[in-house]
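Protein chains in written order, with our numbering: chain A, 7 to 384; chain B, 19 to 376. Note that beta-carbon positions come from the ideal geometry of N, C-alpha and C, so glycine has one too. This structure is a prediction, so every number in the text was calculated from the model and none was measured.
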Amino acid sequence: MARETLIPAERDLDTIDIDVNVGPQHPATHGVFRMVITVDGEVVRDLDPVIGYMHRGNEKLPENCDFRQVIGYHDRTDYLAQFNTEHCWVEAVEKLGGIVPTERSQYIRVILAELNRITSHLMFFGAFGTDAGLFGTSFMYAFRDREYVQEFFEEITGERMMYNYYRPGGVAWDVPENFKERCNQILDRIRSGISDLEGLMIGNEVVLARCRNLSPMTPEQAINWGLSGPLLRSTGLAHDIRRAEPYSIYDRFEFDIPTGTTGDVYDRLLVRLKEMTESIRIVEQALEKMPEGPIMAEGMKRILRVPAGEVYMRVESPRGEYGVYVVSTGVDKPYRHKVRGASFCNISALREMSVGHFVADVILILGSTDIVLCEVDR
Amino acid sequence: MTQEAVAETPAPEAGPVVRLLREVMPGIQLDITATPIDECVTVRRDDFSRVMETLFRDRRLAFAYLRCQSGVDYLTEMESVYHLYSFANKMSLAVKVRFPAADAHVPTVSYLWAAANWHERETHEMFGIVFDGHPDLRPLLTEEGLGYYPLLKTHPLADIEEWQEDILADIDEAKKAAYAAAGTAPVVDEKAMKIQIAQQKAAVITKTRKEAREKGLSTEDEKAAVQSALKEFEEQLARQPQPGAAAAPPMTKVEMAQAKAKVITNARKEARAQGMATEDEKKYVAEKLKEFSAQLEAGPAAAPPAPPKPPMSKVELAQAKAKVITNARKEARQQGMSTEDEKKYVAEKLKEFSEANK
Chain A
7 MARETLIPAE
17 RDLDTIDIDV
27 NVGPQHPATH
37 GVFRMVITVD
47 GEVVRDLDPV
57 IGYMHRGNEK
67 LPENCDFRQV
77 IGYHDRTDYL
87 AQFNTEHCWV
97 EAVEKLGGIV
107 PTERSQYIRV
117 ILAELNRITS
127 HLMFFGAFGT
137 DAGLFGTSFM
147 YAFRDREYVQ
157 EFFEEITGER
167 MMYNYYRPGG
177 VAWDVPENFK
187 ERCNQILDRI
197 RSGISDLEGL
207 MIGNEVVLAR
217 CRNLSPMTPE
227 QAINWGLSGP
237 LLRSTGLAHD
247 IRRAEPYSIY
257 DRFEFDIPTG
267 TTGDVYDRLL
277 VRLKEMTESI
287 RIVEQALEKM
297 PEGPIMAEGM
307 KRILRVPAGE
317 VYMRVESPRG
327 EYGVYVVSTG
337 VDKPYRHKVR
347 GASFCNISAL
357 REMSVGHFVA
367 DVILILGSTD
377 IVLCEVDR
Chain B
19 MTQEAVAETP
29 APEAGPVVRL
39 LREVMPGIQL
49 DITATPIDEC
59 VTVRRDDFSR
69 VMETLFRDRR
79 LAFAYLRCQS
89 GVDYLTEMES
99 VYHLYSFANK
109 MSLAVKVRFP
119 AADAHVPTVS
129 YLWAAANWHE
139 RETHEMFGIV
149 FDGHPDLRPL
159 LTEEGLGYYP
169 LLKTHPLADI
179 EEWQEDILAD
189 IDEAKKAAYA
199 AAGTAPVVDE
209 KAMKIQIAQQ
219 KAAVITKTRK
229 EAREKGLSTE
239 DEKAAVQSAL
249 KEFEEQLARQ
259 PQPGAAAAPP
269 MTKVEMAQAK
279 AKVITNARKE
289 ARAQGMATED
299 EKKYVAEKLK
309 EFSAQLEAGP
319 AAAPPAPPKP
329 PMSKVELAQA
339 KAKVITNARK
349 EARQQGMSTE
359 DEKKYVAEKL
369 KEFSEANK
């Protein structure tokens with residue numbers, strides 16, 4: 007039988023589909039992630055994402071921690087958007103407990119979350135350039151600027167990656183005195199960095215040739231698959247949780263929601279690039295308005311007990327909608343702690359995005375979803 | 019716990035979305051829960067599919083986006099929660115469906131929202147909730163054939179990591195050696211004994227049932243046979259000399275500490291009632307403590323009798339379960355089983371255990 011299928015018959019060339027494993031340890035999968043790709047020649051016929059290599063019980067563990075201890079687990083859920091994920095958790099606790107954070111701390115939170123969005127997108131451009139065949143060039147440019155912001159975060163929080171800085175009711179401690187000057191320095195850096203990246207990626211022949219019209223999505227498809235963030239906006243739908251359901255103080259700032267037109271990989275790039283500029287705008291406004299004052303709400307108890315109830319809190323993380331569903335029973339620990347990772351939902355549509363494209367392009371499509379495997383597997 | 023809390027509070031008023039839903043689907047029972055952001059309704063399982071289809075298809079609602087699906091374990095009951103968003107009408111809604119834990123079935127919604135596919139797969143593997151009609155309920159995050167559902171409240175957090183098993187065994191052996199050298203009897207592990215007895219009981223039950231079925235007894239007779247066999251077993255057990263049961267067990271350290279704490283609290287209370295100064299109070303407490311330790315030294319009989327042990331608490335049950343798993347794994351490894359067989363073996367043991375503890 008094998009002989010018949012492998013040796014071409016005279017009249018017509020019979021082929022068989024082959025399963026190819028990409029990953030779990032593979033530089034192009036952005037972490038421990040496996041795709042079982044069924045290929046017909048070079049064309050993808052089927053794709054089965056296999057996840058769970060990084061599963062650490064990130065929903066079970068917090069059920070045995072008190073409300074403040076959980077903050078650290080959110081750093082480790084999406085390790086590229088730590089401030090955003092922390093923001094989601096502390097907002098959820100505040101909503102449940104009826105805690106009102108102080109003005110100053112809200113501004114600090116927004117500024118750091120937006121800067122964090124920029125570092126996350128810089129990371130995306132660095133990694134995506136490598137996927138697209140620009141080798142280390144984009145990586146070096148992106149990381150040069152990311153490093154400045156990273157150092158700034160370290161100055162504030164004392165940590166390079168796992169910040170653990172937001173608290174229900176405020177932030178852990180006040181920012182340094184030179185906060186505003188440092189922020190302005192960094193914004194200048196990022197502005198020039200963005201224009202560098204724009205020149206490198208957007209006008210790039212390789213990127214243009216490979217990314218345009220690759221894996222286009224319609225808004226209906228994107229909605230049905232639960233996509234969010236830049237993937238959703240690239241289809242032309244101007245949906246941003248910061249605008250649609252403003253949390254924290256996002257309703258006080260002016261910013262645009264960049265959208266694409268066709269939802270292809272190139273649009274996803276453009277949306278992210280424009281988003282960085284919008285984040286800069288938000289940070290500028292926030293710096294202007296930032297008041298002096300306390301950084302922690304009054305009357306916060308050492309052991310935090312929030313009243314019984316439940317809430318599904320969501321924020322716009324760089325990857326999309328990051329949500330936490332918390333059920334509290336009135337004790338010092340959450341009863342249920344469910345994390346809705348943006349990457350988790352985005353990656354579930356990978357089959358939909360990839361079938362019919364070339365194997366080499368699947369790497370680009372995967373790269374354009376900007377997954378963080380820790381958020382997928384939790 | 020939450021059920022009670024929800025039941026105590028007066029029913030919250032229906033918001034605009036729920037009022038709209040009532041208008042679109044009159045005659046559907048909707049229980050409203052108040053949450054800080056979204057409106058939240060609980061529907062009956064029989065209505066669930068109909069409600070979800072209407073939410074998805076009706077133009078006035080048009081909830082085209084499923085943002086999150088989660089399972090919640092309320093011990094006797096379970097819940098599946100759906101958070102929906104409508105791009106067309108800019109509104110959000112949470113829909114909950116409740117069902118008994120013993121009958122954890124709920125119709126799938128993955129044919130409406132493709133996003134539900136992975137969410138439901140995850141909830142299935144974490145809670146054991148079966149989504150009827152789901153195209154592919156393979157485990158997503160954990161390995162296949164795990165045999166237990168990690169996010170259930172009855173599932174213990176592994177207090178003993180696998181790599182520590184050897185170390186713990188070493189410690190046990192060292193302890194035994196130390197006891198032997200000192201010439202005292204080793205402390206009896208009551209929990210392990212209880213489990214052992216429970217396992218023996220379970221074996222008796224299974225055996226009697228099997229025999230009854232072979233004989234072709236009716237269900238009533240089978241029950242009676244099982245009960246008489248159990249009685250016999252218990253009588254047998256009572257006749258056996260039980261280690262540690264003959265003499266009253268000496269106070270454990272924890273018990274001692276608790277008793278001491280009680281003495282201190284009482285002494286303080288008394289001192290305050292008498293209006294003593296702080297210094298005097300301290301002295302009084304020290305005196306009482308001295309008395310207490312003197313009492314202890316005089317003999318265990320003088321110590322207050324230990325309260326009767328309550329039936330196994332949930333935590334104890336969970337710990338016992340963890341132990342069963344560990345032991346089963348160890349046995350399996352000693353017998354050189356393959357990974358697959360080991361899993362099966364562990365699952366079997368767990369089943370036995372849960373039957374014994376019913």
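Going along the segment 247-263 of chain A in order, which residues come within less than 8 Å of chain B, judged by CB to CB distance? A250, E251
Touch check for the segment 104-122 of chain B and the segment 190-206 of chain A: three-plus C-beta pairs under 8 Å? no
List the endpoints of the continuous beta strand (DSSP E) containing D25 (chain A). Start and end: 24-28.
So R85 (chain B) contacts chain A; which residues on that side make the cut at Cβ distance below 9 Å? G232, S234, Y318, R320, E327, G329, R346, C351
Own chain partners of Y154 (chain A) with C-beta closer than 7 Å, once the 5 adjacent residues on each side are dropped: Around Y154 (chain A): I192, R195.
For a contact defined as C-beta to C-beta under 7 Å, what are the partners of F9 (chain B) on chain A? Absent from the model: residue 9 (chain B). The displayed extent of chain B is 19 to 376, so no value can be given.
Using CA atoms only, rank isn't needed, just tell me which of A:R287, A:D376, A:P68 is closest to N190 (chain A). A:R287
Please state whether DSSP places P68 (chain A) in a helix, a strand or coil. helix
Top-ranked residue by Cα proximity to S221 (chain A), from A:R115, A:M359, A:L275: Nearest of A:R115, A:M359, A:L275 to S221 (chain A), Cα basis: A:M359.
Suppose you measure from the CA of I77 (chain A) to the CA of E97 (chain A); what does that come to, to the nearest Å? 11 Å
How would you list, in chain order, the residues of chain B whose beta-carbon sits under 7 Å from the beta-carbon of R51 (chain A)? Per Cβ cutoff of 7 Å: no residues; R51 (chain A) is ~17 Å from chain B at best.
Spatial neighbours of A243 (chain B) in its chain, beta-carbon cut-off 7 Å, leaving aside the 5 residues before and after: T226, A230, L235
Does any C-beta atom of chain B lie closer than 7 Å to the C-beta of G58 (chain A)? yes
If contact means a Cβ-Cβ distance below 8 Å, which residues of the segment 50-68 of chain B contact chain A? T51, A52, T53, P54, I55, D56, C58
Using a threshold of 7 Å, state whether the C-beta atoms of G232 (chain A) and C71 (chain A) are closer than that. no
The alpha helix (DSSP H) spanning K108 (chain B) covers which residue range? Neither: K108 (chain B) is in no alpha helix (DSSP H) and is coded neither H nor E.
Cβ pair count under 8 Å reaching 3, the segment 343-357 of chain A against the segment 131-141 of chain B: Touching, yes.
Around the C-beta of D25 (chain A), are 16 or more other C-beta atoms found within 10 angstroms, so that it is buried, or is it exposed? exposed
Between which residues of its own chain and E322 (chain A) is the CB-CB distance below 6 Å, once the five residues before and five after are set aside? Cβ within range, chain order: D246, I247, R248.
Beta-carbon proximity check, L370 (chain A) vs D137 (chain A), cutoff 7 Å: yes
Could you give the DSSP three-state label for L84 (chain B): helix, strand or coil? strand
The ligand SAH heavy atoms versus the CB of N64 (chain A): any closer than 6 Å? The ligand content of the structure shown is nil, which means the ligand SAH is not present either.
Taking a Cβ distance cut-off of 7 Å, strictly less, list which residues of the segment 289-300 of chain A are near chain B, in chain order. Within the segment 289-300 of chain A, no residue places its CB atom closer than 7 Å to a CB of chain B.
Cβ of F364 (chain A) less than 7 Å from any chain B Cβ? no
Would Q112 (chain A) be called buried (16 or more neighbouring beta carbons within 10 Å of its own) or exposed? In summary, Q112 (chain A) is buried, with 16 or more beta-carbon neighbours lying within 10 Å of its beta-carbon over all protein chains present.
Limits of the beta strand (DSSP E) - the one that M41 (chain A) falls within: 40-46
Would DSSP call R227 (chain B) helix, strand or coil? helix
Indicate whether at least one CB of chain A lies closer than 7 Å to the CB of P318 (chain B). For P318 (chain B), the predicted structure reports a pLDDT of 49, less than 50, and the residue's modelled location is therefore unreliable. The matter cannot be settled from this model.
Among all the DSSP beta bridges, which residues are the ones paired with S98 (chain B)? B:G89, B:V115
Taking Cβ to Cβ, would you say V106 (chain A) is nearer than 7 Å to L379 (chain A)? Contact: no.
Listed from N- to C-terminal order along the chain, which residues in the segment 59-88 of chain A have their beta-carbon within a distance smaller than 7 Å of any beta-carbon of chain B? H61, G63, E65, K66, N70
Could one say the Cβ of R40 (chain A) lies closer than 7 Å to chain B's Cβ atoms, at least one of them? Not one chain B Cβ lies under 7 Å of R40 (chain A).
Using the rule of at least 16 other Cβ atoms within 10 Å of the residue's Cβ for burial, across every protein chain shown, is T296 (chain B) buried or exposed? exposed
Across which residues does DSSP place T172 (chain B) in a beta bridge pair? The partner list for T172 (chain B) (beta bridge, DSSP) is empty, contrary to what the question assumes.
Can you confirm whether K339 (chain A), when its beta carbon is compared against all beta carbons of chain B, has any partner nearer than 7 Å? Chain B, which has no Cβ nearer than 7 Å to the Cβ of K339 (chain A), makes this no.
Check H363 (chain A) in the structure and name its three-state DSSP category. coil
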